[in-house]
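Enquirer: Number 102 in my numbering belongs to position 100 of the sequence shown; there are no gaps in the numbering. The C-beta atom is built at its ideal place from N, Cα and C for all residues, glycine as well.
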Amino acid sequence: MELNYKAIGEGKPLIILHGVFGSADNWLTIAKELAEHHFKVYLLDQRNHGDSPHSDEFSYQAMADDLHEFIEKHELDKPFILGHSMGGKAAMKFSVNYSDEWEKMIVVDIAPKAYPVHHDKILTGLKSIDLDAIKSRGDADKQLSEYVPDLGTRQFLLKNLARNESGGYKWKINLDVINEKIEAIGEGQEDRLAIEKEVLFIRGGKSDYVQDSDIILITQLFPNSEVKTIEGAGHWVHAEKSEEVIKLILDFLR
């Protein structure tokens with residue numbers, strides 16, 4: 003699949019993969035800063051997200067294959083790979099399946115373990131929005147607030163609303179397929195081949211996505227890895243503590 007992307011800067015290629023319900027723009031601020039340090043940063047919209055094509059196939063294998071296709075098409079020589087949440091899982095899948103195609107990897111606030119489905123209210127809320135009836139984003143926000151009380155989360159989710167040709171609204175994400183296959187997003191890393199390359203795991207101190215107990219599995223699969231904790235940050239560590247995240251990234255990639 004040919005993914006939509008944005009490219010910023012010049013230098014060593016660095017590919018960034020966003021999380022579920024996200025898009026390339028989620029990391030744009032950090033990408034601009036990294037580009038100042040001699041990286042060419044590629045921000046990808048993963049399949050069924052952003053402006054990339056929709057598909058009934060939605061799995062980490064498919065996302066890993068998309069990344070492989072992107073690297074081949076753009077003739078990138080062993081890029082650095084960074085993935086947040088779902089993007090981190092896709093990066094880990096890619097790292098095993100295409101172990102010769104990358105140099106270093108950064109995984110942000112996700113572990114290679116399986117996670118139970120925990121996006122039920124978000125999906126129910128998104129599906130409850132009557133796209134034919136709403137006249138503004140405010141209308142959509144009001145409907146979504148019945149299921150998602152946090153304003154910041156709603157603002158993030160509603161970035162997926164776009165105007166259609168008739169002047170109404172449509173979803174940029176493939177909401178039906180994401181809803182149908184959300185269990186696949188929680189799947190653990192089934193591949194048990196140890197990867198010896200350098201990998202950095204960044205976790206938020208207030209996030210429960212990467213527990214101390216998960217470090218055993220991380221080091222089994224990625225023996226040459228380290229886990230760094232950014233205190234005071236939750237799952238959206240890159241949005242909450244961007245300067246600290248940038249410093250960790252630069253220190254690791256240099």
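Select from Glu105, Gln145, Leu30 the residue whose C-alpha is nearest the C-alpha of phenylalanine 254.
Expert: One-based indexing of the sequence shown puts residue 254 at position 252. Considering only alpha carbons, the answer is Glu105.
Enquirer: Across which residues does DSSP place tryptophan 173 in a beta bridge pair?
Expert: As a working mapping, residue 173 is identified with position 171 in the sequence shown. Beta-bridge pairing links tryptophan 173 to Leu163.
Enquirer: Smallest Cα separation from isoleucine 124: which of Ala113, Asp143, Gly90?
Expert: Residue mapping note: residue 124 aligns to position 122 of the sequence shown, counting from 1. Of the listed residues, the one whose Cα sits closest to isoleucine 124 is Asp143.
Enquirer: Less than 9 Å between the C-beta atoms of glutamate 200 and methionine 107, yes or no?
Expert: The residue you call residue 200 lines up with position 198 of the sequence shown. The residue you call residue 107 lines up with position 105 of the sequence shown. The answer is yes: Cβ separation under 9 Å.
Enquirer: Let me know if valine 110 comes out buried or exposed under the rule of 16 or more other beta-carbons within 10 Å of its beta-carbon.
Expert: Along the sequence shown, one-based indexing puts residue 110 at 108. Burial is judged here by how many other beta carbons sit within 10 angstroms of a residue's own beta carbon; valine 110 has at least 16 and is buried.
Enquirer: Valine 119: which of Ala241, Glu182, Thr31 sits nearest, CA to CA?
Expert: Residue mapping note: residue 119 aligns to position 117 of the sequence shown, counting from 1. The shortest C-alpha separation from valine 119 is found at Glu182.
Enquirer: Between methionine 94 and serine 57, is the Cβ-Cβ spacing less than 9 Å?
Expert: The residue given as residue 94 occupies position 92 in the sequence shown. The residue given as residue 57 occupies position 55 in the sequence shown. Contact: no.
Enquirer: Leaving out five residues on either side along the sequence, give the residues of the same chain with a beta carbon under 7 Å from the beta carbon of histidine 39.
Expert: Taking the sequence shown and counting its residues from 1, one reaches residue 39 at position 37. Around histidine 39: Leu252.
Enquirer: What do you get for arginine 165, buried or exposed, if any count of 16 or more other CB atoms within 10 angstroms of its CB means buried?
Expert: What you label residue 165 is simply residue 163 of the sequence shown in a count that begins at 1. With fewer than 16 Cβ atoms within 10 Å of its Cβ, arginine 165 is classed as exposed.
Enquirer: Could you check where the beta strand (DSSP E) with valine 98 kicks off and where it finishes?
Expert: On the sequence shown, residue 98 is found 96 positions in, with the first residue counted as 1. No beta strand (DSSP E) contains valine 98, which is instead part of the alpha helix (DSSP H) from 88 to 99.
Enquirer: How would you write the range of the beta strand (DSSP E) that lysine 230 sits in, first residue to last?
Expert: Here residue 230 corresponds to residue number 228 of the sequence shown, with the count starting at 1. Element bounds for lysine 230: 227 to 232.
Enquirer: Express the C-alpha separation of alanine 186 and valine 212 in angstroms, rounding to a whole number.
Expert: Here residue 212 is taken as the residue at index 210 of the sequence shown, counted from 1. Here residue 186 is taken as the residue at index 184 of the sequence shown, counted from 1. Straight-line Cα distance between these residues: approximately 18 Å.
Enquirer: Using CA atoms only, rank isn't needed, just tell me which of Glu167, Gln63, Ala9, Trp173 is closest to leucine 128.
Expert: Taking the sequence shown and counting its residues from 1, the one referred to as residue 128 is at position 126. Ranking Glu167, Gln63, Ala9, Trp173 by Cα distance to leucine 128 puts Trp173 first.
Enquirer: Do the CB positions of leucine 46 and phenylalanine 23 come within less than 9 Å of each other?
Expert: The count along the sequence shown starts at 1 and reaches residue 46 at position 44. The count along the sequence shown starts at 1 and reaches residue 23 at position 21. Contact flag unset, no.
Enquirer: Helix, strand or coil: how does DSSP classify valine 239 here?
Expert: The residue given as residue 239 occupies position 237 in the sequence shown. Residue state, collapsed to three classes: helix.
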